[in-house]
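Report on one structure; see the data block that follows.
Residue numbers (our numbering), protein chains in the order written: chain A, 1 to 345; chain B, 346 to 597.
This is the structure we're talking about:
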């Protein structure tokens with residue numbers, strides 16, 4: 001009995017000791033903000049304590065070509081802040097030495113609500129997503145061992161890693177966790193649509209936007225579900241197979257024929273600025289996207305059930321739908337200086 | 346003021362004293378197990394690249410690379426719960442002798458009759474983001490495009506393979522049903538004794554020949570590239586699930 005008590009005492013002393021250490025080292029810890037009415041994020045910062053230093057380090061790495069084999073491109077080369085972190089004007093993006101990939105660069109926003117990453121959902125956790133562009137031969141073409149060695153031989157990074165993790169030795173875990181602290185914080189929730197939903201001030205939809213919203217709810221929202229404007233699923237939206245790229249999408253990951261031609265349902269937030277559209281960037285204008293859904297859908301066994309019947313939209317509906325989609329533009333997000341490159345270093 | 350400092354000092358000493366008690370009581374009645382893994386092909390020591398071995402199908406094969414994850418190591422004694430190593434993830438590499446020794450400390454004293462383990466990494470670690478140590482993706486036993494750890498792999502060559510450089514490669518992984526590559530197995534021990542403050546040695550074989558043997562005999566001229574979680578990968582995983590064998594144990 002006595003022994004038990006001593007154990008409890010020791011345990012409580014230990015807990016107090018650990019807690020006090022926590023208070024002193026995490027003075028700059030940031031709390032991740034979940035917008036009102038949004039679901040619980042899928043990624044939990046509990047296992048990657050969010051700090052200003054960690055965020056800043058992630059941002060520094062995001063903008064630094066040091067991650068690529070010939071120091072020519074950075075994450076930001078294909079993910080630009082003012083286009084919701086996609087690659088403006090590029091159907092497919094180019095990596096080192098102008099090599100071209102097979103898919104359109106995805107937007108980076110609201111990533112902590114994603115259940116998987118990439119157009120085919122092959123990546124299961126935000127932290128390990130970055131391994132793909134870093135090691136892909138047509139993107140950054142680096143070996144992880146080399147990246148870690150380059151970072152360890154940089155006095156700047158040893159200092160920044162020390163600030164973020166209280167340890168200047170760089171390893172892949174710290175690299176990926178800091179990148180996730182930056183990318184996970186790219187949250188877009190301040191569009192006109194959001195203001196209206198939150199009843200802020202006297203912001204209201206125009207007549208056209210309001211009609212567009214009801215067209216959207218009737219025809220689009222089963223996949224592009226509010227408030228994230230995606231249901232995180234994979235669907236075949238009736239695009240023809242590109243005979244050069246021969247990209248069957250999710251089937252490559254699951255090896256299942258039932259996933260043939262399926263791709264991630266992308267969010268529609270900031271869609272006004274994230275052209276070109278679809279997984280291979282084949283169309284440039286929103287009106288062409290709508291044209292596809294109303295008259296270009298190709299029937300096939302894996303086609304999304306919602307698209308099996310024709311989607312009929314009048315000219316006015318299309319115009320209004322586009323007007324509504326533009327209310328998803330979030331200028332606070334697109335022009336947020338916190339997401340821009342650090343220039344003081 | 347002085348009085349307060351005095352009390353504070355006493356409390357600090359008391360806490361340190363308690364830590365000391367805790368420290369020594371944790372050390373009491375526990376010993377160490379040193380596991381040595383010998384890569385072999387059948388009964389002979391595995392020599393990488395330069396030595397041909399005859400597999401069950403009758404072909405001469407050369408092994409250039411052999412790695413696997415040995416995880417969740419547990420010891421069991423009669424009538425007691427298993428003792429399992431915490432955070433038990435070990436990448437064993439035939440090329441690196443350091444990885445062929447695993448030391449487990451603070452095992453309760455006693456006579457153990459069973460040693461159990463996983464070949465491969467459990468599904469939880471496969472979805473846990475960026476990890477370090479033996480689970481660091483830098484170790485190369487990781488698929489980035491279709492996230493997950495490679496449970497075990499061999500790369501080799503054989504004249505019968507009509508492939509580039511006569512190479513065959515088996516990268517076996519996948520954590521999602523129906524292609525979950527994790528294989529659990531156990532070995533009966535001949536009264537392995539863990540003694541307080543002493544080290545017991547357990548020597549094991551990791552037998553590459555099992556990859557080609559049972560239940561499905563592998564003909565490398567036909568099956569020479571398995572690098573995705575699929576049916577073929579499950580056949581390979583079933584084949585090598587019994588590659589860990591008992592060699593001997595040395596009680597202190």
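Here a beta-carbon is modelled for each residue, glycine too, at the ideal position from N, C-alpha and C.
List the residues of chain B that residue 176 of chain A touches, going by C-beta distances under 9 Å, in chain order.
As a working mapping, residue 176 of chain A is identified with position 176 in the first chain. 474, 475 and 482, listed in chain order.
Whether residue 178 of chain A touches residue 337 of chain A by CB criterion (8 Å): Numbered from its first residue, the first chain carries residue 178 of chain A at position 178. Numbered from its first residue, the first chain carries residue 337 of chain A at position 337. Residue 337 of chain A sits away from residue 178 of chain A, with the two beta carbons spaced by 8 Å or more.
- Query: Less than 8 Å separating the beta-carbons of residue 140 of chain A and residue 134 of chain A?
  - Reply: Here residue 140 of chain A refers to the residue found at position 140 when the first chain is read from its first residue. Here residue 134 of chain A refers to the residue found at position 134 when the first chain is read from its first residue. At a Cβ-Cβ threshold of 8 Å, residue 140 of chain A and residue 134 of chain A count as neighbours.
**Prompt:** So residue 420 of chain B packs on residue 460 of chain B, CB below 8 Å; how close in whole Å?
**Reply:** Translated into positions along the second chain, residue 420 of chain B becomes position 75. Translated into positions along the second chain, residue 460 of chain B becomes position 115. Confirmed, about 6 Å.
Is it right to say residue 510 of chain B is buried, meaning 16 or more other beta carbons lie within 10 angstroms of its own, or is it exposed? On the second chain, residue 510 of chain B is found 165 positions in, with the first residue counted as 1. By the 10 Å Cβ count, residue 510 of chain B comes out exposed.
Tell whether a beta-carbon distance below 8 Å holds between residue 519 of chain B and residue 578 of chain B. Translated into positions along the second chain, residue 519 of chain B becomes position 174. Translated into positions along the second chain, residue 578 of chain B becomes position 233. Taking 8 Å as the cut-off, the beta carbon of residue 519 of chain B is found closer than this to the beta carbon of residue 578 of chain B.
Let me know the secondary structure DSSP gives residue 346 of chain B once reduced to three states.
Residue numbering aside, residue 346 of chain B sits at position 1 when the second chain is read from its first letter. Confidence at residue 346 of chain B is low in this model, with a pLDDT of 43, below 50, so the placement of that residue is unreliable and no value is reported for it.
Practice problem: For residue 578 of chain B, decide whether its Cβ has a neighbour in chain A, counting only Cβ atoms nearer than 8 Å. | Solution: Working through the second chain from its first residue, we reach residue 578 of chain B at position 233. Not an interface residue.
| request: Flag residue 154 of chain A as yes when its Cβ comes closer than 7 Å to any non-hydrogen atom of the ligand COA, and as no otherwise. | output: Ligands are entirely absent from the displayed structure, and the ligand COA is therefore not among its contents.
Checklist entry - Using a C-beta to C-beta distance shorter than 7 Å, which residues of chain B count as neighbours of residue 314 of chain A? => result Locating residue 314 of chain A in the first chain gives position 314, counting from the first residue. Neighbours of residue 314 of chain A on chain B: none; closest Cβ ~43 Å, over 7 Å.
query: Name the chain B residues whose beta carbon is nearer than 9 Å to that of residue 122 of chain A?
result: On the first chain, position 122 is the one that residue 122 of chain A refers to. Result: 488, 489, 490, 491 and 492.
Original post:
Among residues of its own chain, excluding the 5 on either side of residue 455 of chain B, which ones have a beta-carbon nearer than 7 Å to its beta-carbon?
Top reply: Taking the second chain and counting its residues from 1, the one referred to as residue 455 of chain B is at position 110. Once the five neighbours on either side are set aside, the close Cβ partners of residue 455 of chain B are 422 and 539.
(request) With DSSP as the reference, label residue 24 of chain A as helix, strand or coil. (result) Here residue 24 of chain A corresponds to residue number 24 of the first chain, with the count starting at 1. Unreliable positioning characterises residue 24 of chain A in this predicted model, as indicated by a pLDDT of 46, which lies under 50. A coordinate reading is not provided.
At least three beta-carbon pairs within less than 8 Å, the region 461-472 of chain B to the region 494-512 of chain B = Touching, per the Cβ criterion.
| query | For the candidate residues A:73, A:122, A:281 and A:29, whose alpha-carbon lies nearest to that of residue 234 of chain A? | reply | Counting from one through the first chain, the residue named residue 234 of chain A turns up at place 234. Closest by alpha carbon: A:122.
Using a cut-off of 7 Å between C-beta atoms, extract the partners of residue 261 of chain A located in chain B. On the first chain, residue 261 of chain A is found 261 positions in, with the first residue counted as 1. Residues of chain B passing the Cβ test: none, with the nearest at roughly 18 Å.
| Can you tell me whether DSSP reads residue 47 of chain A as helix, strand or coil? | The residue given as residue 47 of chain A occupies position 47 in the first chain. The answer is helix: DSSP assigns residue 47 of chain A an H, G or I state.
- Query: In terms of residues, what are the limits of the alpha helix (DSSP H) holding residue 146 of chain A?
  - Reply: For the purposes of this step, residue 146 of chain A is taken as residue 146 along the first chain, with counting starting at 1. Where residue 146 of chain A is concerned, the enclosing alpha helix (DSSP H) stretches over 144-152.
- Task: Report the residues of the region 291-316 of chain A with a CB closer than 8 Å to any CB of chain B, ordered along the chain.
- Result: none
Quiz prompt | Chain-ordered chain A contacts of residue 573 of chain B [CB-CB under 9 Å] | solution = Reading the second chain from its first residue, position 228 is the one you call residue 573 of chain B. 255, listed in chain order.
Practice prompt. Report yes or no: do the region 372-390 of chain B and the region 552-560 of chain B share at least 3 C-beta pairs separated by less than 8 Å?
Written response: yes
Where residue 96 of chain A sits in the DSSP three-state scheme: Here residue 96 of chain A refers to the residue found at position 96 of the first chain. Note: residue 96 of chain A maps to helix in three-state DSSP.
Margin query: Please identify, using Cβ separations under 8 Å, the residues of the region 108-134 of chain A that lie next to chain B, in order along the chain.
Written below: 118, 122, 123, 124, 125, 126, 127, 128, 131 and 132
Are three or more beta carbon pairs between the region 472-482 of chain B and the region 387-404 of chain B nearer than 8 Å?
-> no
- request: Taking residue 584 of chain B as part of the alpha helix (DSSP H), name the residues at either end of that continuous run.
  value: Taking the second chain and counting its residues from 1, one reaches residue 584 of chain B at position 239. That run of the alpha helix (DSSP H) goes 576-585.
Can you confirm whether the region 216-225 of chain A touches the region 257-272 of chain A when touching is taken to mean that 3 or more C-beta pairs between the two stretches lie within less than 8 Å? yes
Checklist entry - Applying a beta-carbon distance threshold of less than 8 Å, which residues of chain B neighbour residue 144 of chain A? => result What you label residue 144 of chain A is simply residue 144 of the first chain in a count that begins at 1. The contacting residues are 482 and 483.
Notebook entry, point to check: List, in order along the chain, the chain B residues whose C-beta lies closer than 7 Å to that of residue 148 of chain A?
Noted result: The residue labelled residue 148 of chain A in the question sits at position 148 within the first chain. Here the neighbours are 483.
**Item:** Nearest to residue 231 of chain A (by Cα), restricted to the options A:110, A:183 and A:154
**Value:** Locating residue 231 of chain A in the first chain gives position 231, where the first residue counts as 1. Here the closest residue by C-alpha is A:110.
Q. By Cβ distance below 6 Å, which residues in the same chain neighbour residue 334 of chain A in space, the five residues on each side in sequence not counted?
A. Against the first chain, residue 334 of chain A aligns to sequence position 334. If we look at residue 334 of chain A and ignore the five residues flanking it on each side, its Cβ neighbours are 82.
Quiz prompt | Local Cβ density within 10 Å of residue 524 of chain B, reported as buried at 16 or more and exposed below that | solution = Counting from 1 along the second chain, the entry for residue 524 of chain B is found at position 179. Answer is buried; the Cβ neighbour count reaches 16.
Query - Proximity to residue 598 of chain B [Cα-Cα], best of B:571, B:504 and B:427 - result: With chain B covering 346 to 597 only, the question about residue 598 of chain B has no answer from this structure.
Checklist entry - Taking the runs of the alpha helix (DSSP H) that are 4 residues or longer, which of them lie wholly in the region 160-245 of chain A? => result 172-183, 192-197 and 207-219
For residue 173 of chain A, return the contacting residues in chain B, with the cut-off set at a CB-CB distance below 8 Å. Numbered from 1 along the first chain, position 173 holds the residue referred to as residue 173 of chain A. By Cβ distance, chain B contributes 475, 476, 477 and 481.
| message | If distances are taken between C-alpha atoms only, which option among A:91, A:101 and A:241 comes closest to residue 283 of chain A? | response | Residue 283 of chain A sits at position 283 when you count from the first residue of the first chain. Among A:91, A:101 and A:241, the Cα nearest to that of residue 283 of chain A belongs to A:91.
Q: Name the residue from A:34, A:31 and A:79 whose alpha carbon lies nearest to the alpha carbon of residue 340 of chain A.
A: If you number the first chain from 1, residue 340 of chain A lands on position 340. If we check each option's Cα against that of residue 340 of chain A, A:79 comes out closest.
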